[in-house]
Amino acid sequence: MITGLLMSALLLWTPLALAAMGGLLHRVGGVVNIGLEGQMLAGALVGALISGTTGNWALGVLAAGATGGVIGLLMSLSITRLGANEIIAGLGFTIVISGLIGYLLRSVFEVSGTLRVAGLDPLPRILGLDPLFWLTVILVPVIGWSLRNTVAGLRLRATGDGFDAANALGLPASRIRDTAGALAGVFAGIAGSHLVLGQVGLFNEDMVAGRGFIALAAFYFGRTRPLPTALACLLFAVFDATQARLQTAGVPAQLIQTLPYLVVIAVLTATAVRDVRGKARRAG
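Just so it is clear: in the sequence shown, position 274 is 279 by my numbering, and no numbers are missing.
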């Protein structure tokens with residue numbers, strides 16, 4: 006039972022960690038990415054359609070990443086070039102994407118909520134887990150190292166620490182943020198494709214189910230550091246996997262559905278308390 010729970014948690018960890026790594030990069034650059042949810046949803050649909058059309062899971066993943074990247078770039082441009090509020094822009098993009106996908110499902114595919122794509126090519130397994138899991142495991146330390154030791158990482162951190170100061174130093178701060186936004190979208194889009202190709206094998210308009218917001222909570226809890234963020238995602242994934250087990254044990258569905266969000270609230274509360282105590286110690 007424990008082995009099954011662990012494998013389920015690792016499966017559920019992959020899209021959370023991918024989306025969180027993308028959101029982390031954007032946050033390091035100074036933008037809170039509220040649009041991860043919509044980017045994941047768009048990636049899930051495109052990944053399903055391209056995988057089914059071509060019979061190739063890799064093309065589905067690439068198309069999902071490209072879709073998320075375009076959406077992430079457009080959202081970032083609305084913030085950096087048009088002066089949109091980052092929270093409103095993120096929520097706005099998510100709402101528009103959700104509404105557009107719902108319209109496409111009903112008007113073009115003539116289905117209600119769930120789309121079963123013929124010929125969909127699922128992710129293969131390597132040592133019992135899919136390639137995107139192993140990719141994410143590699144990405145976590147690579148991102149951490151890159152933020153500390155590469156020119157691109159240092160420029161991104163400088164932009165996040167002070168946008169105007171970065172501009173004054175001659176850094177293309179807006180372009181740096183836009184690049185981070187596009188990368189965040191790529192990761193979120195790939196995360197969405199994992200939900201379809203690596204987990205359920207079909208598309209549902211509600212399948213992201215708040216995972217984009219949970220990823221947001223994870224990188225806040227991890228203080229925008231890749232390894233703690235990945236561990237926070239694993240914590241959420243364990244609770245998600247436990248939730249599935251509780252459903253089979255007869256626990257009321259309404260109570261189970263609130264569990265991930267209660268965990269998010271608890272984690273964010275703990276983070277806020279930790280920050281307040283840290284400030285109090287420094288002040289004292």
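The beta carbon of each residue, even a glycine, is placed where N, CA and C say it ideally should be. Predicted, not measured: the structure shown is a model, and the values here were computed from it.
DSSP-derived helix/strand/coil call for I39: Translated into positions along the sequence shown, residue 39 becomes position 34. Residue state, collapsed to three classes: coil.
Can you tell me whether F138 is helix, strand or coil according to DSSP? In the sequence shown, counting from the first residue as 1, residue 138 sits at position 133. Helix.
Give the DSSP bridge partners of I131, in chain order. Position 126 of the sequence shown holds residue 131. Per DSSP, L134.
Taking the beta carbon of E115 as the centre, do at least 16 other beta carbons fall within 10 Å, making it buried, or is it exposed? Indexing the sequence shown from 1 puts residue 115 at position 110. Per the 10 Å Cβ criterion, exposed.
Using DSSP with H/G/I as helix, E/B as strand and the rest coil, what is N209? On the sequence shown, position 204 is the one that residue 209 refers to. Residue state, collapsed to three classes: strand.
On the three-state DSSP scale, how would you describe T99? Position 94 of the sequence shown holds residue 99. If DSSP states are grouped into helix, strand and coil, T99 belongs with the helices.
Under the DSSP definition of a beta bridge, which residues are partnered with L120? Taking the first residue of the sequence shown as position 1, residue 120 is located at position 115. According to DSSP, which records beta bridges pairwise, L120 is partnered with F208.
Which of the three DSSP states is assigned to A214 in this structure? Translated into the one-based positions of the sequence shown, residue 214 becomes position 209. Here A214 sits in coil by DSSP.
Less than 8 Å separating the beta-carbons of A63 and A193? If you number the sequence shown from 1, residue 63 lands on position 58. If you number the sequence shown from 1, residue 193 lands on position 188. The answer is no: Cβ separation not under 8 Å.
Is it true that the CB of F208 sits closer than 8 Å to the CB of V122? By 1-based counting over the sequence shown, the position of residue 122 is 117. By 1-based counting over the sequence shown, the position of residue 208 is 203. Cβ distance < 8 Å, so V122 and F208 count as in contact.
Consult DSSP for D183 and reduce its assignment to one of helix, strand or coil. Position 178 of the sequence shown, counting from 1, holds the residue named residue 183. If DSSP states are grouped into helix, strand and coil, D183 belongs with the helices.
Euclidean distance between Cα positions of L105 and N38: Your numbering for residue 105 matches position 100 in the sequence shown. Your numbering for residue 38 matches position 33 in the sequence shown. Distance between the alpha carbons of L105 and N38: 20 Å.
Return the CA-CA distance between S117 and S56, expressed in angstroms with no decimal places. Within the sequence shown, the letter at position 112 stands for residue 117. Within the sequence shown, the letter at position 51 stands for residue 56. Answer to the nearest angstrom: the Cα atoms are 21 Å apart.
Judging by CA-CA distance, which residue of W18, L29, P129, P177 is the nearest neighbour of S151? To locate residue 151, count along the sequence shown from 1; it is residue 146. Nearest of W18, L29, P129, P177 to S151, Cα basis: L29.
Give the DSSP-derived three-state secondary structure of F114 in the structure shown. As a working note, residue 114 is residue 109 in the sequence shown. Correct three-state label for F114: coil.
Environment of T274 [buried if 16+ CB atoms lie within 10 Å]: Here the question's residue 274 lines up with position 269 in the sequence shown. Looking at its Cβ environment, which holds fewer than 16 other Cβ atoms inside 10 Å, T274 is exposed.
Count Cβ pairs between the stretch 12–20 and the stretch 179–190 that sit closer than 8 Å; are there 3 or more? no
Quick one: give me the first and last residue of the alpha helix (DSSP H) that L202 is part of. Position 197 of the sequence shown, counted from the first residue, corresponds to residue 202. No alpha helix (DSSP H) holds L202; DSSP gives it neither H nor E.
Alpha carbon of M80 to alpha carbon of I131, nearest angstrom: Taking the first residue of the sequence shown as position 1, residue 80 is located at position 75. Taking the first residue of the sequence shown as position 1, residue 131 is located at position 126. The straight-line gap from Cα to Cα measures roughly 35 Å.
Given 8 Å as the limit, is there contact between the stretch 67–75 and the stretch 43–55, that is, 3 or more CB pairs closer than that? yes
Closer than 8 Å, CB to CB, is A24 near chain D or not? As a matter of chain content, chain D is missing from the structure shown, which is built from one protein chain.
Reduced DSSP secondary structure (H/G/I, E/B, other) of L125: For this step, residue 125 is matched to residue 120 along the sequence shown. Looking at L125 - three-state DSSP - the assignment turns out to be coil, as it is neither helix nor strand.
Using the Cα positions of A242 and A14, report the straight-line distance between them to the nearest angstrom. The residue given as residue 242 occupies position 237 in the sequence shown. The residue given as residue 14 occupies position 9 in the sequence shown. Computed Cα separation, rounded: 5 Å.
Residue from V268, S179, L176 whose Cα sits closest to the Cα of Q248: Numbered from its first residue, the sequence shown carries residue 248 at position 243. Here the closest residue by C-alpha is V268.
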